[in-house]
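From first to last, the protein sequence lines stand for chains A and B. The numbering of the first sequence is the numbering used here, which starts it at 4 and goes up by one. The numbering of the second sequence is the numbering used here, which starts it at 38 and goes up by one. Positions of the beta carbon are idealized from the N, C-alpha and C atoms, including for glycine. In what follows, a single structure is set out as structure tokens and then discussed.
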Amino acid sequence: MRLPPVAITAIVFVVGFALCTVQFPNFASTRVAANLLTDNAFLGIVAVGMTFVIISGGIDLSVGSVIGFTTVFVALAIERLGVPPLVAFAAILLLCAAFGAAMGAIIHVFDMPPFIVTLAGMFLARGASFLMSTESTPITAPLYSTVSDFALRLPGGGRLTAIALIMLAVVAAGAVLLHFTRFGANVYALGGSRATTALMGIPVGSMTVRIYMLSSVLAGLAGIVFSFYTAAGYSLSAVGVELDSIAAVVIGGTLLTGGQGSVVGTLLGVLIQGLTQTYINFDGTLSSWWTKIVTGILLFAFIALQQAMLGIARRAGPRKAGVLKS
Amino acid sequence: MMQRLLQTRGLAQIIALLAILAIDRAVSPQFFDLRMQDGRLFGSLIDVLNRGAPVALLALGMVLVIATRGIDLSVGAVMAISGAIAASLADTYGLPVALAAALGAGLLCGLWNGFLVAVLGIQPIVATLILMVAGRGVAQLITEGRIVTFTAPDLVWLGNGAVLGVPTPVVVVIGMLIITGAVVRGSALGLLIEATGGNARASELAGIGTRAMILAVYVWCGLCAALAGVIAAADIMGADANNAGLWLELDAILAVVIGGTSLFGGRFSLALAMVGALIIQAMNTGILLSGYPPEFNLLVKAAVVLVVLLLQSPRFANAGAVLGRARQ
């Protein structure tokens, strides 16, 4: 019997959570679980977008910078210009959509590697946010305190916050979009083989544009959530989040060469990273850089696993599945 | 005519560098002034060479990796690791041990990347992502999260000293460029690397040890990155695991791409990669001198990446050819 990668991710998460509980009896509480969701809400949202991009065979390095840009944009619009928060949110999401669409269009029209185009996007967004402000701008709008006060009380003292709920909603919507719509099916097809997809009559160009648009819009939404989380806008926020989200997607069982993966796996990947961080906080003596090392080890383990499974598939079937991609 | 000129290899890059230097001269009239002080040359031009040294070293390794159709995202993290090792050993054990340990670590990192790409067959961008994420953590483990400072004079010399008036980092880059050039262009090695990047399968069938080639370029890239890390640490007389070499992998890739090496592998130019590194540094220095906030750097870089990529894009070249034909 063959376990799908997402099952292995789930097992890793459950075993990790169990180990934490054995060591710290207080761990298994709704409070810890709810905080896990709240602290990783922005990462979860951005990772959903990254899942679409990676399944389609691309990569988006600009998301961390887009989050940073969004927090600064929102903070300045609300605090300096007095724009109502909801209007500012709509404006930034539109801007992000245009940004993602532009990247997707460049990737498709000029046939360039996504990684280098989104790298330019990363520079552009980070540079633009530096230009707007290099200082941290606190946001004092009443909406922000309303949102941060809002929480569903769980039995056992846990508070399921608004931003955690937003994240769960995005994950649910992402899962439906990816697994139950024509758009989602096309995303898988693109990752399987671009040439075949084009021959099947799927509009590869508009798909590419829409996938990167989705990723940037979700990064923008993650930026809004991040600004709720920190109640401030800062141009240096979310540096390196693109790596965390790629790691979450891979640990979640998505094939980095595209064509396979799931949104639920990505959520588990995010939670495993959060779990490592929470364990380190509980322990108190370990330093936070262990998160990076553990993430690296998990990344390696999952990539090696994928490679091994690809190898088995290649040997078993007469069709050489991976050869076209290399 | 114009097209013939543009196709002359390297001309576009050199014109770009001269143009940027001319702009630098325009914003800062003393840009080309050189003076001798304490047996070392000073001046903005020397500054460009000196500050550009780490990126130039990274580009030297990166260009070979990209020639095999690979990419190494971990060089910034490797810089942090080697810098941390050199800084923590220099005061107790002296330069030779510190340097050997730092370069040895770089070698190991390169071997790891090469193993993942050549033996396990993982995509390069993914394989090196692992070390990019974990490497900085390892570096922080070595420095125990602190900024490790040192006073060992010979290590400080490596970052701040001079040989015959030329800053040591510049001398190191020139030395490495000569060694790399002699090895890959003095033998068939360069050709074999290009063949591997052009078509790994065909090269394998033609009897080229493509695995060994790929392994070798990643090891060399790790070594160059380690050297860059040591120089960066020596320059500030300390190792900062969080910030050493941060984002430099991107600058190195940019330098290589500006230097006309295709991201799709198959051909490379060491000298033009160095010109690429100089272009980036001349831009950085120019922006600093002009009094614009350094934040402009990223915007300018983004614009440069896009323009260079558009020029390289096969689709764009085709469009240009079609336009040219229409005009005739």
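Alpha carbon of residue i to alpha carbon of residue j, nearest angstrom
i, j, result
"G103(A)", "N43(A)", "23 Å"
"G313(B)", "L291(B)", "8 Å"
"A123(A)", "G159(A)", "47 Å"
"F301(B)", "T233(B)", "11 Å"
"L168(A)", "A171(B)", "31 Å"
"L348(B)", "H111(A)", "15 Å"
"L270(A)", "I119(A)", "26 Å"
"L217(A)", "V35(A)", "31 Å"
"N334(B)", "G161(A)", "45 Å"
"N189(A)", "I109(A)", "20 Å"
"M125(A)", "G296(B)", "21 Å"
"N197(B)", "L127(A)", "33 Å"
"G303(B)", "T105(B)", "6 Å"
"A243(A)", "A250(A)", "Note on identity: in this sequence residue 243(A) is Gly, with Ala being the wrong assignment. Approximately 11 Å, taken between the alpha carbons."
"M135(A)", "A78(A)", "11 Å"
"F76(A)", "D109(B)", "33 Å"
"G194(A)", "Q309(A)", "15 Å"
Residue i - DSSP class collapsed to helix/strand/coil
i, result
"R46(B)", "coil"
"Q310(A)", "helix"
"M203(A)", "coil"
"G261(A)", "coil"
"R183(B)", "coil"
"V203(B)", "strand"
"Q74(B)", "strand"
"M216(A)", "helix"
"R333(A)", "Nothing in the structure corresponds to residue 333(A), since chain A is present only between 4 and 329."
"P117(A)", "helix"
"R185(A)", "helix"
"R238(B)", "helix"
"A79(B)", "Inspection of the sequence shows that residue 79(B) is occupied by Phe rather than by Ala. It is a strand residue."
"T24(A)", "helix"
"A278(B)", "coil"
"P133(B)", "helix"
"A225(B)", "coil"
"A154(A)", "strand"
"A235(A)", "strand"
"P7(A)", "coil"
"P141(A)", "strand"
"V86(A)", "coil"
"G130(A)", "helix"
Interface residues of chain B facing residue i [CB-CB closer than 7 Å]
i, result
"F303(A)", "I167"
"A250(A)", "V170"
Residues that residue i contacts on chain A, provided the C-beta gap is smaller than 7 Å
i, result
"Q160(B)", "L259 and T260"
"G218(B)", "By Cβ distance, chain A contributes nothing, its closest Cβ being about 26 Å from G218(B), past 7 Å."
"R304(B)", "Going along chain A, no residue has its Cβ under 7 Å from R304(B), so there is no contact; the nearest lies around 16 Å."
"R222(B)", "Those do not exist, as R222(B) stays about 26 Å from chain A at its closest Cβ, beyond 7 Å."
"L195(B)", "By Cβ distance, chain A contributes nothing, its closest Cβ being about 27 Å from L195(B), past 7 Å."
"V154(B)", "Those within 7 Å of V154(B) in chain A number zero; the least Cβ separation is about 11 Å."
"L287(B)", "L122"
Contacts that residue i makes with chain B (C-beta to C-beta distance below 8 Å)
i, result
"Q310(A)", "L157, G158 and I159"
"L246(A)", "L166, M169 and V170"
Exposure label - residue i; buried when at least 16 CB within 10 Å
i, result
"P190(B)", "exposed"
"A10(A)", "exposed"
"F305(B)", "buried"
"N29(A)", "exposed"
"T188(B)", "exposed"
"Q26(A)", "exposed"
"F45(A)", "buried"
"V185(B)", "buried"
"M210(A)", "buried"
"D3(B)", "It is not possible to answer for residue 3(B), since the shown part of chain B is limited to 38 through 365."
"M73(B)", "exposed"
Amino acids of chain A, ordered along the chain, whose beta-carbon sits closer than 9 Å to that of residue i
i, result
"G182(B)", "S290, S291 and W292"
"L178(B)", "S290, W292, W293 and I296"
Under 8 Å by beta carbon: chain A residues contacting residue i
i, result
"Q318(B)", "Going along chain A, no residue has its Cβ under 8 Å from Q318(B), so there is no contact; the nearest lies around 16 Å."
"V342(B)", "I119, L122, A123 and F126"
"G297(B)", "What G297(B) touches in chain A: nothing, since even the nearest Cβ is about 14 Å away."
"V293(B)", "Per Cβ cutoff of 8 Å: no residues; V293(B) is ~11 Å from chain A at best."
Self-check item: the region 112-146 of chain A: positions lying closer than 9 Å to chain D by Cβ
Solution: Although the question refers to chain D, the structure presented lacks it and instead comprises the protein chains A and B.
Exercise. Anything in the region 274-307 of chain A with a Cβ closer than 8 Å to a Cβ of chain B? List those residues in chain order, please.
Key: S290, W292, W293, T294, K295, I296, T298, G299, I300, L302, F303, I306 and A307
Exercise. Taking only beta carbons into account, state which residues of the region 320-338 of chain B come closer than 9 Å to chain A, listed in chain order.
Key: P330, P331, E332, F333, N334, L335, L336, V337 and K338
Quiz item: Which residues, in order along the region 76-97 of chain B, keep a beta-carbon less than 9 Å from a beta-carbon of chain A?
Solution: none
Quiz item: Listed from N- to C-terminal order along the chain, which residues in the region 96-126 of chain B have their beta-carbon within a distance smaller than 7 Å of any beta-carbon of chain A?
Solution: none
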